[in-house]
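Chains as they are written, first to last, in my numbering: chain U, 5 to 372; chain Y, 82 to 269.
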């Protein structure tokens, strides 16, 4: 199929359909409303069901029900709405039900604003709902990657029987870029499984439940979940490096929209002879600590690390955790929906690393 | 990778700048280029200003948001006042003279003034002043061939809306001519 020009939110909706999603439950909120707006038209065409719930709390519980009977389903919202879904997400994780939740982040806290932000990082990766559970969290940096990660999200949700969050921001949601869809729409239900509530005729009954009144049983359940999260951590870390083939004096760490803006800043300062690489986690959870550490260790003695985020400093905790005190990890961020420009980041870079005169004159380091 | 070029198209909500930007992005995409179309979606859209930044490049686009764009298409005075000072030196500023009677005070840019409303009316498409402006931008720069824009207009309006194709293209051509003439006069 050839490329089409599509808004991020609409592309997410189409990608869900092509991944076989047949049920959507949600409630409108800027800047993600085009996801439900798109699916309300598309889902009936593939025999699916769209329900506008009375609230986000209802929407996530409808997802809980649909996932419980083995249907491929999803919801989407933006930051305040995602907060309302926290309890339901904990239940879904506890019952090991596959589903996909899209968060098109806006600026917070509280009702905040409607402009792009990355301020739900800690919520998504560390502490959304209550209890000892983990989400798989995927962070796209373009509309095409949003589509690709949406497909992956449904696959991972089914493989691990776990909720997966696609965590983007208002800029990815609202922007149009060319996209290509790899798979044709299928509209199939989940693979045959042994846990879904499909009617108990001719077989033992199944129970979807997160209540364990016996401490031993609940302890065992937590151990089982932990083993699953460990396996996810071993197998599913994803990341990308940029401009790392030559030696670098500064490592930027950024995700999503912020990472692509850093790429432009890196290209701009390269002309001045400044050597800067970028580490971009694609899975925010499980976080690619080992790869991040390797990128930090590749720096020379005098090398610097700078984390750039559209928040007041959240992922920087993980970068510091990866560095294990071997380096100072500096932070630059904006809030309120202000998206740092490449010029603002380039300015930060200039203050941290020197220019190599030979490269600024157009001579590559290998020829010196 | 910095975009090869970028244009900020701005006006009142409803003046069609977002659509004009989409047609531009579609045309460049059809030609095999990388594009991004980033609208303002703040609360100011309701009755206020609406703008879109279109980036066009031969390689994947990094930041879709550029502080100093190479071109500005200003449909109204607030857009001109807000964004003209940001245009990169040597850039292009296209002004809708039907609504704006002020100069951008930028000696270091190519300034193209277009009677967008009158040209649209004369072309038989009074509602297509946005495509006149897009035409003027295309005529004043070599960013995209006219045929690609005309093709993109035809792709944009299909089904019930197919009747808008011919007048939109007529308006675009009127703007194209005005843009070419303005830059020709400047060079000679």
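All residues carry an ideal CB built from backbone N, CA and C; glycine is no exception.
Per-residue burial, residue i [other beta carbons within 10 Å of its own, 16 or more giving buried]
i: residue 139/Y; result: exposed
i: residue 179/Y; result: buried
i: residue 284/U; result: buried
i: residue 231/U; result: exposed
i: residue 223/U; result: exposed
i: residue 166/U; result: buried
i: residue 251/Y; result: buried
i: residue 205/U; result: exposed
i: residue 6/U; result: exposed
i: residue 49/U; result: exposed
i: residue 15/U; result: buried
i: residue 311/U; result: buried
i: residue 227/U; result: exposed
i: residue 145/Y; result: buried
Strand pairing of residue i, partner residues [DSSP]
i: residue 76/U; result: DSSP lists no partner for residue 76/U.
i: residue 54/U; result: 28/U
i: residue 246/U; result: 282/U
i: residue 142/U; result: 170/U and 287/U
i: residue 86/Y; result: 137/Y
i: residue 118/Y; result: 180/U and 135/Y
i: residue 48/U; result: Beta-bridge pairing links residue 48/U to no other residue.
i: residue 336/U; result: 312/U
i: residue 130/Y; result: 93/Y
i: residue 274/U; result: In DSSP, residue 274/U forms no bridge with anything.
i: residue 110/U; result: 120/U
i: residue 11/U; result: 180/U
i: residue 256/U; result: 282/U and 310/U
i: residue 149/Y; result: Beta-bridge pairing links residue 149/Y to no other residue.
Closest residue to residue i among the options (Cα-Cα distance)
i: residue 84/U; options: 53/U, 118/U, 54/U and 58/U; result: 118/U
i: residue 357/U; options: 297/U, 306/U and 197/U; result: 306/U
i: residue 263/U; options: 118/Y, 114/Y and 142/Y; result: 142/Y
i: residue 46/U; options: 62/U, 34/U, 26/U and 293/U; result: 26/U
i: residue 231/Y; options: 241/Y, 249/Y, 244/Y and 224/Y; result: 249/Y
i: residue 92/Y; options: 257/Y, 118/Y, 216/Y and 164/Y; result: 164/Y
i: residue 73/U; options: 244/U, 170/U, 92/U and 210/U; result: 210/U
i: residue 109/Y; options: 246/Y, 226/Y, 89/Y and 240/Y; result: 226/Y
i: residue 245/U; options: 296/U, 202/U, 40/U and 169/U; result: 296/U
i: residue 294/U; options: 265/U, 267/U, 243/U and 343/U; result: 243/U
i: residue 266/Y; options: 203/Y, 194/Y, 224/Y and 245/Y; result: 194/Y
i: residue 314/U; options: 282/U, 258/U, 303/U and 304/U; result: 258/U
i: residue 291/U; options: 267/U, 52/U and 324/U; result: 324/U
i: residue 94/U; options: 62/U, 160/U and 136/U; result: 136/U
i: residue 342/U; options: 51/U, 9/U and 173/U; result: 173/U
i: residue 329/U; options: 353/U, 129/U, 235/U and 301/U; result: 301/U
Rounded distance between the beta-carbons of residue j and residue i, thought under 8 Å
i: residue 87/Y; j: residue 133/Y; result: That pair is no contact at about 11 Å.
i: residue 36/U; j: residue 133/U; result: That pair is no contact at about 20 Å.
i: residue 175/U; j: residue 249/U; result: Residue 175/U to residue 249/U, Cβ: 28 Å. No contact.
i: residue 212/U; j: residue 179/U; result: In fact, because the Cβ distance is near 38 Å, the residues do not count as touching under 8 Å.
i: residue 157/U; j: residue 142/U; result: 6 Å
i: residue 260/Y; j: residue 220/Y; result: 2 Å
i: residue 88/U; j: residue 58/U; result: Contact flag wrong, Cβ pair sits at about 12 Å.
i: residue 215/Y; j: residue 256/Y; result: 6 Å
i: residue 30/U; j: residue 65/U; result: Contact flag wrong, Cβ pair sits at about 12 Å.
Near the ligand ZN: residue i beta-carbon under 7 Å from a heavy atom
i: residue 65/U; result: No copy of the ligand ZN occurs in the structure displayed, which carries no ligand at all.
Should the region 68–80 of chain U be called in touch with the region 97–109 of chain U, which here means at least 3 C-beta pairs below 8 Å?
yes
Flag this pair as touching only if the region 110–130 of chain U and the region 313–325 of chain U have three or more C-beta atom pairs under 8 Å; answer yes or no.
yes
Could you check whether the region 149–168 of chain U touches the region 9–21 of chain U, counting it as contact only if at least three pairs of C-beta atoms, one from each stretch, sit closer than 8 Å?
yes
Using 8 Å as the threshold, is the region 160–180 of chain Y in touch with the region 207–220 of chain Y, meaning 3 or more CB pairs across them?
yes
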